[in-house]
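2 protein chains.
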Amino acid sequence: MENARSECPIASTLDFVGDRWSLIILRDMLNGKRRYSEFLASPEQITTNVLADRLSQMERFGLLEKSTYQMRPKRYEYAPTEMGRALLPLLQQMSLWANHYVPGTLAPPETFMNRRIAFGRSLGKESAL
Amino acid sequence: MENARSECPIASTLDFVGDRWSLIILRDMLNGKRRYSEFLASPEQITTNVLADRLSQMERFGLLEKSTYQMRPKRYEYAPTEMGRALLPLLQQMSLWANHYVPGTLAPPETFMNRRIAFGRSLGKESAL
DNA sequence: ACTGGTCACTTGCAACATGCAAGTGTGTGG
DNA sequence: CCACACACTTGCATGTTGCAAGTGACCAGT
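Written out as structure tokens, the structure reads:
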């Protein structure tokens, strides 16, 4: 990260995804969405400029990869990297919390909640969960 | 919540704590900090106006409770509610993620990572973890 | 060739949030 | 009376977001 606020892992995670939209985009990607227009179609109604900004920021951060899936007309898709997919447990915890404490929230599909991810070995310091 | 963006539990959680500061304050509370000056002393350097704003917002949201612990001079303390404490697994997941993927982050104390919370029964819809 | 449409954006501008610095009110100790 | 601490509040510059409109590449129909 260009300028971390501290060495705290919570603060660092917030430096990556501590805004109102990044994790919504990630949620959509983890549910199979890949294209700009698909992200726009979500019920939260992200605006085009914020979506474009977040997509390029998340690409810079290494949370997703942009690729051309078709020339003429040129079209792009956005897929989560391993680093991005590794945020799934975070999204699952958010879902559990809101389902407990926020009235009116819907339970996510079981395929979302039951899915497990495998952390790649990248830094070797803490004991595994 | 006054105006949820959608019924998605992830979006709803972000409506509560989807900013750069709320979860930092919660982290401090879960580590035993209770006072305004203690929150200010954290390495992330929150500013006084944002701290005051977040404390009152989190109180409105039901994430913390403000109480007077001393008259003359009047002094306040801020303690997490059960709803606030229930976000601990989220903070733990953030820590695991950053320790894996963000170089330079420190591992939280074991007392933080090993602690378990019990969700109170508030809405009865999903299967427990 | 021209018209209309889709996709993936970009631009301009207003509104809101944040950062930064200074000031305020209450009370305590000397 | 003065200095100081704590817990804020205020003012203002800067940054981020929301809203609406526009752009450019391409394709399909007439």
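In order, the protein sequences belong to chains C and U.
Residue numbers for the first sequence follow my numbering, beginning at 1 and rising by one.
Residue numbers for the second sequence follow my numbering, beginning at 1001 and rising by one.
Even glycine gets a Cβ: it sits at the ideal position worked out from N, Cα and C.
Cβ of residue i within 8 Å of Cβ of residue j?
i, j, result
"L64/C", "P80/C", "yes"
"L23/C", "L1090/U", "no"
"R1075/U", "L1030/U", "no"
"R54/C", "I25/C", "yes"
"S1012/U", "A98/C", "yes"
"T985/U", "E7/C", "Shown here, chain U extends from 1001 to 1129; a query on residue 985/U therefore has no answer."
"F39/C", "L51/C", "yes"
Roughly how many whole angstroms lie between the Cα atoms of residue i and residue j?
i, j, result
"Y1101/U", "T1068/U", "41 Å"
"V17/C", "M94/C", "13 Å"
"A1128/U", "L96/C", "Its pLDDT being 43, under 50, A1128/U is placed unreliably by the model, and the measurement read from it follows with that caveat. C-alpha separation (whole angstroms): 9 Å."
"N1114/U", "G1120/U", "19 Å"
"A1004/U", "E1110/U", "35 Å"
"I1117/U", "L1088/U", "7 Å"
"M1058/U", "T1048/U", "15 Å"
"I1046/U", "W1021/U", "8 Å"
"K1033/U", "A1041/U", "10 Å"
"G1124/U", "E1082/U", "Confidence at G1124/U is low in this model, with a pLDDT of 49, below 50, so the placement of that residue should be treated as unreliable; the coordinate-derived value is given next. Going from the Cα of G1124/U to the Cα of E1082/U covers about 16 Å."
"R35/C", "D1019/U", "26 Å"
"R1027/U", "P73/C", "48 Å"
"S1037/U", "P103/C", "34 Å"
"F1112/U", "K1066/U", "23 Å"
Going by other Cβ atoms of all chains shown within 10 Å of its Cβ, with 16 needed for buried, is residue i buried or exposed?
i, result
"S56/C", "exposed"
"M1071/U", "exposed"
"Q1092/U", "buried"
If we require 4 or more residues per run, which alpha helix (DSSP H) segments fall completely within the segment 70-96 of chain C?
Note on the segment 70-96 of chain C: whole alpha helix (DSSP H) runs with a minimum of 4 residues are 82-85, in chain order.
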